[in-house]
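Novice:
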């Protein structure tokens, strides 16, 4: 359960920055995740601050006032607050052409897609990649990054989002409620899990690779599902490269909706009306650029 309250000003440790948060991106499932309720050592954790991607300005030190964006480790206190701390290694300069709300929608989705496609799947130009959940906060970046690598992209989405995922760069779009996709691919990038993940193994050709970010796969009885699962990690170098692509217009952020901090609980409980495209962002303070 999300409860609004007051907390002491966070104190940055060695190698950390104090950030005045202007916007934060919401991962709606994180309240039930292990790092939200436990410490790394396994002890029960109470009163954790959620939301681990943000955009804001450095609040102290020689770079005070510089706009940055980034993500925190899942066990760290999050950014659904006026201030947060973050390791220098987890943040990058915010792209100037993006608002803070747009920038806050980027780090987790873009880094997940980058690490899944480039680091784990080793996606190559000319390969065929199937992105399940193409209109979601991660899928929108998976489509764009796969196209930038020179891959042929097939994306699944609901019928009302098929044109949208094509506009992002998918050459084929498939209604996930219709007939399942049956052609062979080199890489499956899964953000859906369940039956979608289970039936996707048969689509992999020789040397095909599966990547999934759905938490249920982590504890699956099937070794291949456990091996396909990964969790995104903060990475300053990669985020800086993402920022350059955003600034150059080669990547486009997708913001579902922007809400005030007082509405945050509705986003986590599913009461918020949303489009189903990209990330829901909380405006801690209304910003421009």
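Residue numbers (the UniProt record's numbering): 1 to 289.
Where is the CB? At the ideal position from N, CA and C, for every residue including glycine.
None of these values were measured; they are calculated from a predicted model.
Count the other CB atoms within 10 Å of the CB of residue 95; is the residue buried (16 or more) or exposed (fewer)?
Specialist: Buried, since its Cβ has 16 or more Cβ neighbours within 10 Å.
Novice: Between the C-alpha atoms of residue 159 and residue 98, what's the straight-line distance to the nearest angstrom?
Specialist: In a straight line, the C-alpha of residue 159 is about 29 Å away from that of residue 98.
Novice: Is residue 95 helix, strand or coil by DSSP?
Specialist: Looking at residue 95 - three-state DSSP - the assignment turns out to be coil, as it is neither helix nor strand.
Novice: Are the Cβ atoms of residue 10 and residue 77 separated by less than 8 Å?
Specialist: A contact, by the Cβ cut-off of 8 Å.
Novice: Would you identify the three-state DSSP class for residue 234, choosing helix, strand or coil?
Specialist: The answer is coil: DSSP assigns residue 234 none of H, G, I, E or B.
Novice: Give me the residue from 229, 267 and 82 with the minimum Cα distance to residue 284.
Specialist: Per the Cα distances, 82.
Novice: How far does the alpha helix (DSSP H) with residue 265 in it extend, from its first residue to its last?
Specialist: Segment 264 to 269, the alpha helix (DSSP H) holding residue 265.
Novice: So the candidates are 74, 263, 142 and 179; which of them puts its Cα closest to the Cα of residue 32?
Specialist: Residue 32 has its Cα closest to that of 74, out of 74, 263, 142 and 179.
Novice: Among residues of its own chain, excluding the 5 on either side of residue 270, which ones have a beta-carbon nearer than 8 Å to its beta-carbon?
Specialist: Result list for residue 270: 28, in chain order.
Novice: Put residue 172 into one of helix, strand or coil per three-state DSSP.
Specialist: Strand at residue 172.
Novice: Quick one: residues in its chain with C-beta nearer than 8 Å to the C-beta of residue 40, no 5 flanking neighbours on either side, listed in chain order?
Specialist: For residue 40, where only same-chain residues beyond five positions count, the Cβ hits under 8 Å are 75.
Novice: Strictly by DSSP, which residues pair up with residue 210?
Specialist: DSSP output for residue 210 lists 188 as bridge partner(s).
Novice: Locate the alpha helix (DSSP H) running through residue 34, then write down its first and last residues.
Specialist: Its alpha helix (DSSP H) spans residues 34 to 37.
Novice: Measuring straight from C-alpha to C-alpha, what distance separates residue 38 and residue 255?
Specialist: The straight-line gap from Cα to Cα measures roughly 30 Å.
Novice: So the alpha helix (DSSP H) residue 107 belongs to, where does it begin and stop?
Specialist: Unbroken alpha helix (DSSP H) run through residue 107: 107 to 114.
Novice: Report yes if the CB atom of residue 107 is closer than 8 Å to the CB atom of residue 56, and no otherwise.
Specialist: Not in contact: residue 107 and residue 56 (Cβ atoms no closer than 8 Å).
Novice: Does DSSP put residue 127 in a helix, a strand or coil?
Specialist: In this structure, residue 127 counts as coil in the three-state DSSP scheme.
Novice: Mind checking who residue 291 pairs with in its DSSP beta bridge?
Specialist: Nothing can be reported for residue 291, as the shown portion of the chain is limited to 1 through 289.
Novice: Indicate the three-state DSSP secondary structure (helix, strand or coil) for residue 48 in the structure shown.
Specialist: Looking at residue 48 - three-state DSSP - the assignment turns out to be coil, as it is neither helix nor strand.
Novice: Please identify the residue among 157, 43, 54 and 48 whose C-alpha is closest to the C-alpha of residue 22.
Specialist: Ranking the options by Cα distance to residue 22, first place goes to 54.
Novice: Which residues does DSSP list as the beta-bridge partners of residue 67?
Specialist: 57, per the DSSP bridge assignment.
Novice: Give the single residue among 276, 259 and 266 whose Cα lies nearest to the Cα of residue 101.
Specialist: It is 259.
Novice: Contact defined as beta carbons within less than 8 Å: I believe residue 91 pairs with residue 68. What is the distance between those atoms, to the nearest angstrom?
Specialist: That pair is a contact at about 5 Å.
Novice: So, with DSSP's three-state summary, where would you put residue 256?
Specialist: Here residue 256 sits in strand by DSSP.
Novice: Count the other C-beta atoms from every protein chain shown that fall within 10 angstroms of the C-beta of residue 2, then say buried if there are 16 or more, exposed otherwise.
Specialist: With fewer than 16 Cβ atoms within 10 Å of its Cβ, residue 2 is classed as exposed.
Novice: Please work out which residues of its chain come closer than 8 Å, Cβ to Cβ, to residue 206, disregarding the five sequence neighbours upstream and downstream, and give them in chain order.
Specialist: Correct list: empty, nothing qualifies.
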